[in-house]
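Colleague: Submitted below is the structure of interest, expressed as structure tokens.
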Amino acid sequence: MKALKRALRVLILTVLAYLIQVCVMQYLQLGSVSGSVVFAVLSVIVVSCGKKYAFCASCIIGMLMESMLSNVPGLYVIAYPVITMLCAQAFADMSDRQLERRRVLNDNRRSRQRENGGRDRWWNRMLSHHREGDLPAHLRIPLCAGLMDLILNVALCTYMYLIGEELGMVHVGRALGSVLYTMGIAAGLMVPLRYILRMYAPRKRQQGGDAL
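Per the working numbering, residue 22 is the first one in the sequence shown, and the count goes up by one each step.
Pasting the structure below:
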């Protein structure tokens with residue numbers, strides 16, 4: 022039942038993301054640059070729910086986009102699932118086996134460095150904690166959304182170049198602006214969306230009432 026409720030929430034968020042992207046984002050452009058609510062929501066699903074939910078959501082988005090907006094046959098229905106799963110490999114929660122493998126590799130690296138008489142620099146010590154586990158979810162979500170948008174923009178620019186259209190700094194600037202806009206949307210939406218997906222543990226009620 023819990024999995025069914027989560028799947029229903031993911032489905033509703035996916036459809037809402039598509040509707041907002043199609044109907045609203047055209048009025049929220051910044052200097053003719055529009056961000057992607059779709060990638061922002063998909064990045065939350067990737068980090069919060071895992072690869073299976075993200076794949077299903079991306080397939081739904083791809084089919085909706087393909088049926089309504091695509092000028093290139095088969096582009097969106099292929100691009101969205103492929104991009105989502107590529108980014109999921111980097112940003113989804115690691116399994117226990119992957120975490121253990123990473124810890125072993127880091128322990129071996131530190132052992133070899135001690136044997137060679139080397140010392141960890143301060144930035145290596147600072148990053149070693151995150152090397153042994155996942156980066157914080159609130160950091161992975163904007164990075165995932167930005168990478169998704171960047172990959173799609175690169176694919177679109179490549180297609181435009183192949184059909185003979187000249188590319189300039191205007192296209193590069195718009196692509197980078199779109200990536201930053203998408204990351205901003207993801208940063209703004211991730212907390213309420215993760216709350217809807219029940220990713221935050223409910224606060225325990227204090228027994229005997231609140232202390233004065």
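Note that beta-carbon positions come from the ideal geometry of N, C-alpha and C, so glycine has one too.
Predicted model only: the values in this text are computed from it and were never measured.
1) How close, in whole Å, do the beta carbons of residue 68 and residue 105 come, if the pair is a contact with beta carbons under 8 Å?
2) Mind checking which residues open and close the alpha helix (DSSP H) that includes residue 188?
3) Is it true that the CB of residue 163 sits closer than 8 Å to the CB of residue 204?
4) To the nearest angstrom, how far is it from the Cα of residue 61 to the Cα of residue 76?
5) Among the residues of its own chain, which have a CB less than 6 Å from the CB of residue 116, if the five just before and after it don't count?
6) Looking at C-alpha atoms only, which residue of 184, 22, 195, 64 is the closest neighbour of residue 206?
7) Among 176, 41, 48, 27, whose alpha-carbon lies nearest the alpha-carbon of residue 73?
8) Please go through the same chain and pick out, in chain order, the residues whose beta-carbon is closer than 8 Å to the beta-carbon of residue 95, but skip the five residues on each side of it.
9) With burial defined as no fewer than 16 other Cβ atoms inside 10 Å of the residue's Cβ, what is the status of residue 174: buried or exposed?
10) Between residue 188 and residue 182, how many whole angstroms is the CB-CB distance? I'm expecting something under 8 Å.
11) Considering only the alpha carbon of each residue, which of 81, 107, 23, 97 lies closest to residue 32?
12) Kindly identify the DSSP beta-bridge partner or partners of residue 51.
13) Answer with buried or exposed for residue 213, where buried requires no fewer than 16 other C-beta atoms within 10 angstroms of its C-beta.
14) With a 10 Å radius around its C-beta and 16 neighbouring C-beta atoms as the bar for buried, classify residue 102 as buried or exposed.
15) Buried or exposed for residue 216, going by 16 or more other Cβ atoms inside 10 Å?
Modeller: Let's see:
1) The C-beta separation of residue 68 from residue 105 comes to about 12 Å, leaving the pair out of contact by the 8 Å criterion.
2) Careful: residue 188 lies outside any alpha helix (DSSP H) and carries neither H nor E.
3) Yes. Within cutoff.
4) A straight line joining the alpha-carbon of residue 61 with that of residue 76 spans about 15 Å.
5) Caution applies to residue 116, whose pLDDT of 47 falls short of 50 and renders its modelled position unreliable; the value that the coordinates give is listed next. Apart from the 5 residues on each side of it in sequence, residue 116 has no Cβ closer than 6 Å to any other Cβ in its chain.
6) Per the Cα distances, 64.
7) Closest option to residue 73, Cα to Cα, is 27.
8) Sequence-distant partners of residue 95 (beyond 5 residues in either direction) whose C-beta falls short of 8 Å from its own C-beta, in its chain, are 87.
9) Counting the other CB atoms within 10 Å of its CB gives residue 174 a total of 16 or more, which places it among the buried residues.
10) Contact check for residue 188 and residue 182: beta-carbon distance about 6 Å, within the 8 Å limit, so the pair qualifies.
11) Here the closest residue by C-alpha is 81.
12) Residue 51 pairs with 54.
13) The residue in question, residue 213, is exposed, as its Cβ has fewer than 16 Cβ neighbours within 10 Å.
14) With 16 or more Cβ atoms within 10 Å of its Cβ, residue 102 is classed as buried.
15) Counting Cβ neighbours within 10 Å, residue 216 comes out exposed, since fewer than 16 surround it.
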